[in-house]
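Below is one structure, written out as structure tokens; the observations come after it.
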Ligand code: CAA
């Protein structure tokens, strides 16, 4: 029986900072960011959003009432959790109006947890093929002002509905490898991660070599902490894909930045949206990396008729319709984000939500979050 991704959706914040603005303020040659690192824009989370609202927007873009009734598990992957105890999926459950006969878990393993969740969901559905699992990933990649990682920041969420007889992609078993490494970590007392970016690139490439399947694919998607990581990874991969295909693989990341857990799947969405050829029956390679560290290589086979469940026009217009903000607004929004996550106090009247957002954070009262669906 085929098990895999029935539908996939994504959300990135409605605001972005162009790398030209950042380069000017940081006294850097813009080509370091745009050519060297490969980042053109950075998605910037607004004050009325958090990892829950982003996950809600992504899930809401794919789920209908029949899907909602069949979901009995939510796996929420994040490395930017808002609570040490309560799973963010609880808020998602309430706001999507899902049934009560449901399990919710939050999973963490740096940027790998979404892949781990997907594979666990596949095995679960294999045992109970009438069930559907909602796999969510949502993160704010925030490294702090004036840090080497600042130019690679981003934010966004992915939602995947896992089922038997999937209409989008059958997911195959992966090869994985783990080793304790100090390339990236954020102890609970730190607002931003400690990251050794150059060490992390070496760890990433080493993990890729260990699980490399030595198989040739038309497209291989890579986890991208920054867009040009795909170029570096493709060079150590046993069967590198062509330059025009790498351009497709990294196109969305270039426009968004790192979204941590969702980054690999944003790359898949980039391929689904921009591939010139039909992807029906095409098997795509997927390399997932999570600092700390774990690497997994798996593949998935795109199903016949996948374009009925993936609307590429909608995906492209989501990216194209975002609003550019200036450097001052970027500083204001990220300061707001940082302070909000430290003080745990917030009221929506402080800020007007973007007109296209369906879900907003209304209030935080002593750490408890209250959300609103705008159409309510
Ligand atoms: N024109 C064109 N290119 C230029 C240039 C210019 N004027 N100036 C520099 N460059 C090139 C450099 O030659 C270099 O290219 P190569 O990599 O091909 O050698 C590139 O631009 C970057 O330059 P530097 O290496 O000098 O830049 P840096 O020291 O500032 O570091 C970085 C870059 C390592 C990507 C840094 O931004 C960083 O650490 N970012 C964070 C990355 C990260 O999060 N890593 C964790 C990985 S995994 C993950 O996503 C997280 C997870 O699992 C938790």
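Residue numbers (this note's numbering): 101 to 476. The beta carbon of each residue, even a glycine, is placed where N, CA and C say it ideally should be.
Cα-Cα separation between residue i and residue j, rounded to whole angstroms
i           : j           : result
residue 135 : residue 296 : 21 Å
residue 232 : residue 192 : 16 Å
residue 456 : residue 147 : 15 Å
residue 432 : residue 425 : 11 Å
residue 359 : residue 228 : 31 Å
residue 240 : residue 285 : 15 Å
residue 222 : residue 204 : 16 Å
residue 124 : residue 117 : 12 Å
residue 225 : residue 242 : 34 Å
residue 413 : residue 381 : 21 Å
residue 273 : residue 448 : 44 Å
residue 258 : residue 126 : 31 Å
residue 254 : residue 290 : 19 Å
residue 401 : residue 271 : 7 Å
residue 372 : residue 379 : 8 Å
residue 398 : residue 276 : 9 Å
residue 458 : residue 315 : 42 Å
residue 460 : residue 475 : 11 Å
residue 464 : residue 218 : 31 Å
From the options, residue whose alpha carbon lies closest to that of residue i
i           : options            : result
residue 339 : 266, 311, 361      : 311
residue 349 : 164, 130, 386      : 386
residue 454 : 181, 422, 246      : 422
residue 281 : 393, 324, 252      : 393
residue 267 : 342, 247, 184, 103 : 103
residue 252 : 408, 355, 464, 446 : 355
For residue i, the first and last residue of its enclosing alpha helix (DSSP H)
i           : result
residue 442 : 427–443
residue 352 : 343–356
residue 337 : Here residue 337 belongs to no alpha helix (DSSP H), and DSSP marks it neither H nor E.
residue 415 : 412–420
For residue i, the first and last residue of its enclosing beta strand (DSSP E)
i           : result
residue 101 : Element bounds for residue 101: n/a, residue is neither H nor E.
residue 239 : 232–241
residue 254 : 254–264
residue 320 : 320–322
residue 89  : Lying before the first or after the last residue shown, residue 89 is absent from the chain, which here runs from 101 to 476.
Tell me the start and end of each unbroken alpha helix (DSSP H) in the stretch 120–193 that is at least 4 residues and wholly inside, in chain order.
Listed in chain order, the complete alpha helix (DSSP H) runs (minimum 4 residues) inside the stretch 120–193 are 151–160, 165–170.
Taking contact to mean at least 3 C-beta pairs separated by less than 8 Å, is the stretch 349–368 in contact with the stretch 290–306?
With a cut-off of 8 Å, the stretch 290–306 and the stretch 349–368 do not count as touching, because too few Cβ pairs lie within range.
With a cut-off of 8 Å, do at least 3 Cβ pairs link the stretch 179–192 to the stretch 324–341?
In this structure the stretch 179–192 does not lie against the stretch 324–341, because fewer than three pairs of beta carbons, one per stretch, are closer than 8 Å.
With contact counted as at least three CB pairs below 8 Å, one residue from each stretch, are the stretch 152–160 and the stretch 213–222 in contact?
Under the three-pair Cβ rule at 8 Å, the stretch 152–160 does not count as touching the stretch 213–222.
Tell me the start and end of each unbroken beta strand (DSSP E) in the stretch 191–229 that is at least 3 residues and wholly inside, in chain order.
Counting only runs that start and end inside the stretch 191–229, the beta strand (DSSP E) elements of at least 3 residues fall at 203–207.
Which runs of the alpha helix (DSSP H), 4 residues or longer, sit entirely within the stretch 275–314?
Unbroken alpha helix (DSSP H) stretches of 4 residues or longer found wholly inside the stretch 275–314: 297–311, given in chain order.
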